[in-house]
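Residue numbers (this note's numbering): 4 to 140. First the structure, in the form of structure tokens, and then the observations on it.
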């Protein structure tokens, strides 16, 4: 809604999307600053417990970062022969799921590169760890 409202005002496409799924009803959003400011206004008008602007250096975990993600992937591909297979299970927050030890680094590279432009599935990642019996964080 915030991006749409800003598009109407500014006359140009805007991005405002969830960047981090932190906990039930807890999110961070990212995108064009004007759209995020509109989102904050809408949240405050609708009784949100908290809505504020965070200082960051980019619109991470949004489609605005897709080109950067492709650059990351190219860089990782260039170094894949220097990478080792993981010796432990890894929980990738782009998936909200485990990548098993021994996973081919080429597959891990896609997750690492995708993370730049995809939301962080933090809550889902933690829930998966708990299901797997992990008790210390």
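Every residue, glycine too, gets a C-beta built ideally from N, C-alpha and C.
{"Item": "Please go through the stretch 11–87 and give each complete beta strand (DSSP E) segment of 3 or more residues, from N-terminal end onward.", "Value": "19–26 and 29–34"}
{"Item": "Classify residue 121 as helix, strand or coil using the three-state DSSP reduction.", "Value": "coil"}
{"Item": "Smallest Cα separation from residue 45: which of 124, 4, 81 and 123?", "Value": "4"}
{"Item": "In angstroms, rounded to a whole number, what distance separates the CA positions of residue 73 and residue 53?", "Value": "34 Å"}
{"Item": "First and last residue of the beta strand (DSSP E) that includes residue 102?", "Value": "100–102"}
{"Item": "Report the CB separation of residue 119 from residue 75 in whole angstroms; it is logged as a contact under 8 Å.", "Value": "6 Å"}
{"Item": "State the Cα-Cα distance for the pair residue 62 and residue 87, rounded to the nearest angstrom.", "Value": "31 Å"}
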